[in-house]
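Line by line, the protein sequences are chains A and B.
Reading the first sequence from the start, the letters are residues 17 to 287 in my numbering.
Reading the second sequence from the start, the letters are residues 17 to 287 in my numbering.
The C-beta atom is built at its ideal place from N, Cα and C for all residues, glycine as well.
Keep in mind that this is a model prediction, so the values were computed, not measured.
Working notes, structure below.
2 protein chains.
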Amino acid sequence: MSDARPIGVFDSGVGGLTVVRALSEKLPHENIVYFGDTARVPYGPKSPQVVREYALDDTNILLNHDVKLIVVACNTVSAVALDVVQKQARVPVVGVIEPGALAAVKRSKSKRIGIIGTVGTIKSNAYGTALKRLDADVEHFSHPCPLFVPLAEEGWMDHRATELIAKEYLFPLTQHKIDTLILGCTHYPILKDVISRVTHQTLQLIDSGEATAEVVAQLLDSEGIRNLSTMNARLQFFVSDVPHKFAEIGERFLGRTLGRIQRVSFASSHD
Amino acid sequence: MSDARPIGVFDSGVGGLTVVRALSEKLPHENIVYFGDTARVPYGPKSPQVVREYALDDTNILLNHDVKLIVVACNTVSAVALDVVQKQARVPVVGVIEPGALAAVKRSKSKRIGIIGTVGTIKSNAYGTALKRLDADVEHFSHPCPLFVPLAEEGWMDHRATELIAKEYLFPLTQHKIDTLILGCTHYPILKDVISRVTHQTLQLIDSGEATAEVVAQLLDSEGIRNLSTMNARLQFFVSDVPHKFAEIGERFLGRTLGRIQRVSFASSHD
């Protein structure tokens, strides 16, 4: 049995395109509908209450496209609003926290794991909770890195300032002698090189997007909803705004040009 | 005649508190109602279309508080949506672009003026247009500084990374031998010291918020709507979200504690 319905992916903005990239490398025949809430990005500093309201809007946009599965690419939403998405959706929902935590536990030898993310993700302690559930012996240490998102969007991957900022953010974690670091925000894989450099290549970096693509592949099989077609997959991109420099930034995150980008409005507000 | 109705001030988020600070220093007896759209901040990278929709929402929130005058503290809104606010409001409206441009023209000797701001503000060329209208002989040079907003919010005013970033942003402007620099974003006054340092104290820095407070004072008199009471003024703060670290960041921008912060919802959406 083959299911050609698209996988739905949503994020607060452009960052989730790193997850789309991982998905389409792992699952090249799956159609994907992406929604980025670029009119209200970023979610990272915002309160859980507002993030939950926005997550519901985002879910409804994807459901309108008859998706067979929803990937919550946004770490902040996965951390504080996965239940909102699961309650609303009539299809399987995969967040990025559990897959990221699982990959980290599998790869860490010292069982000392670091987590970086937005203020919202770190405050929620969602990764810490997931890690402890997977292995009670794991010790975890976390640090929010709010400047990493604008640095990745500005494209300053090799700038001396980025290196200084990365050092400042990561120093407290390396002091805890971690051997594995979860990149708990979709923007951070863009900064992999500088993160490796300032930590002297001593850390295994866990890209939650890649880990999530693995979990999605397994789920498609277990649910019997894989697309068995060998046709080229169709990728569609929807956003709530087409902000300045969107195509340029999107290309950096997706690893290729996006093609047509369609702007959509939310069907209802929460008042 | 005395008019005790409050002055309404709105901004995309917390940055407009630097304008409130300037207003309440200049006009200590005026009541002020502030609204920050913290649920959708920042506006700077977003498209003019979305900024105009949001500006209308923000205006309506202030009008519900019976304000006698509206100050558009947000440079991005002042640059691309002042007409939207003016059309909606039944009261005088003051943006920050005209006052900032006027102050720069008055103070520049060489008539070579630099402008920094968000991508939206710089792309609009609103400051350039205003400068040329005030003095056709002025030459202006501009540069967007998207990392300044998150650096100011992170509180890294004295960090070496901030200095490097400021150097990179400001170098092309100093090459043009400007003598005056317009700080075209409410966040930038927080970074005045580092901006002065990396430009070797050679530039006159124009804080549009301070310039706007001057214009507001004149307008209150010319319209006969000054509050003649000598009672302590009442400052009220409304936001669309109470994000992480809001009180801490707000205090840095306002120069004192904010007290009670009330969350409000928008009355309608734009669908």
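For the alpha helix (DSSP H) containing residue i, name the first residue and the last one.
i      : result
V289/B : A query on residue 289/B cannot be resolved here, the shown segment of chain B reaching from 17 to 287 and no further.
V129/A : Note on residue identity: the sequence assigns Ile, not Val, to residue 129/A. First-last for I129/A: R128 to G133, but that is the beta strand (DSSP E), not the alpha helix (DSSP H).
G200/A : From DSSP, G200/A is part of no alpha helix (DSSP H) but of the beta strand (DSSP E) over T196 to G200.
V12/A  : Any question about residue 12/A goes unanswered here, given that chain A covers just 17 to 287.
Y143/A : A142 to L150
Y50/B  : Where Y50/B is concerned, there is no enclosing alpha helix (DSSP H), although the beta strand (DSSP E) it sits in stretches over I48 to G52.
A277/A : The residue you asked about is not Ala; residue 277/A is Ile in the sequence shown. Counting along the chain, I277/A falls outside any alpha helix (DSSP H), though it belongs to the beta strand (DSSP E) covering I277 to R279.
Y185/B : R176 to Q191
S212/A : K208 to V214
L167/A : F164 to E170
K125/A : Element bounds for K125/A: n/a, residue is neither H nor E.
L274/A : No alpha helix (DSSP H) holds L274/A; DSSP gives it neither H nor E.
S40/B  : L33 to K42
S15/B  : Residue 15/B is absent from the model: chain B starts at 17 and stops at 287.
Please check the pair residue i and residue j, which I expect to be a contact at CB under 8 Å, by giving their CB distance rounded to whole angstroms.
i      : j      : result
T196/A : I129/A : 5 Å
A229/A : L43/A  : 7 Å
L85/A  : V110/A : 7 Å
G60/A  : I132/A : G60/A to I132/A, Cβ: 12 Å. No contact.
S40/A  : L251/A : 7 Å
M173/B : I198/B : M173/B to I198/B, Cβ: 20 Å. No contact.
F253/B : I77/B  : Rounded, the Cβ-Cβ distance is 12 Å, inconsistent with contact.
R56/B  : R56/A  : 5 Å
Here's a check: name, in chain order, each residue in its chain whose Cβ is nearer than 8 Å to the Cβ of residue i, leaving out the five neighbours to either side.
i      : result
V214/A : E179, A182, K183 and L186
V165/B : G31, P58, G60, T134, C201 and H203
Need the endpoints of the beta strand (DSSP E) that residue i sits in, please.
i      : result
P160/B : E155 to P160
V25/B  : I23 to D27
V258/A : Run containing V258/A: none; DSSP gives neither H nor E here.
V109/B : V109 to G111
Looking only at its chain, what residues have a beta carbon closer than 6 Å to the beta carbon of residue i, apart from the 5 residues adjacent to it on each side?
i      : result
A89/A  : V25, D27, G32, V35 and T202
V121/B : L150 and D151
V244/B : This sequence places Leu at residue 244/B; Val is not what is there. Same-chain partners within the cutoff: S18.
S284/B : Confidence at S284/B is low in this model, with a pLDDT of 47, below 50, so its placement is unreliable and the value that follows should be read with caution. Taken in chain order, the list of residues that qualify is empty.
P259/A : T54
A146/A : I113, E114 and A117
H16/B  : With chain B covering only 17 through 287, there is no way to say anything about residue 16/B.
V30/B  : G52, I265, G266 and F269
N91/B  : V112, G133, T137, G200 and C201
S140/B : A95 and V96
D223/B : L199 and P205
For residue i and residue j, what's the separation of their Cα atoms in angstroms?
i      : j      : result
G271/B : Y204/A : 33 Å
Q278/B : V112/B : 25 Å
G116/B : A95/B  : 12 Å
D237/B : V231/B : 10 Å
E155/A : A105/B : 56 Å
S292/A : L72/B  : Within the shown structure, residues of chain A are numbered from 17 to 287, placing residue 292/A beyond reach of any answer.
A119/B : D257/B : 34 Å
A97/A  : R276/A : 29 Å
M247/A : T273/A : 20 Å
P58/A  : F269/A : 16 Å
H159/B : L219/B : 15 Å
V67/B  : D99/B  : 12 Å
A227/A : L167/B : 31 Å
H45/A  : A249/A : 5 Å
V87/B  : T75/B  : 10 Å
L282/A : A142/B : The residue you asked about is not Leu; residue 282/A is Phe in the sequence shown. Taking the straight line from one Cα to the other gives about 30 Å.
K127/B : G144/B : 12 Å
K103/A : V210/A : 39 Å
H216/A : G225/A : 23 Å
H175/A : H175/B : 15 Å
P64/A  : K148/B : 46 Å
A263/A : E170/A : 13 Å
D153/B : Y70/A  : 48 Å
A233/A : V280/A : 28 Å
Looking at residue i and the ligand MG, is the gap between the Cβ and the nearest heavy atom below 6 Å?
i      : result
K103/A : By its list of ligands, the structure shown contains no ligand whatsoever, and the ligand MG lies outside what it can speak to.
Leaving out five residues before and five after residue i in sequence, what residues of the same chain have Cβ atoms less than 7 Å from its Cβ?
i      : result
P108/A : L85, L235 and E239
L163/B : I181
K208/A : L221
V83/A  : R21, P22, I23, G24, V49 and V107
Please confirm whether residue i has its beta-carbon closer than 7 Å to some beta-carbon of chain D.
i      : result
P108/A : Reference to chain D is not applicable here, since the protein chains of this structure are A and B.
If contact means a Cβ-Cβ distance below 9 Å, which residues of the segment 158 to 174 of chain B contact chain A? P160, P162, L163, V165, P166, L167, E169, E170 and W172
Chain B contacts made by the segment 127 to 146 of chain A, where a contact means CB separation under 8 Å: V135, G136 and K139
Using a Cβ-Cβ cutoff of 8 Å, what residues of the segment 84 to 113 of chain A are near chain B? List them in chain order. none
Residues, ordered as in the chain, of the segment 176 to 197 of chain B that lie near chain A by beta-carbon distance below 7 Å: R176, A177, L180 and I181
For the segment 233 to 260 of chain B, which residues have a CB atom closer than 9 Å to at least one CB atom of chain A, in sequence order? S256, D257, V258, P259 and H260
Positions along the segment 64 to 81 of chain A whose CB lies within less than 8 Å of some CB in chain B: Q65 and V66
Taking only beta carbons into account, state which residues of the segment 45 to 64 of chain B come closer than 7 Å to chain A, listed in chain order. A55, R56, P61, K62 and S63
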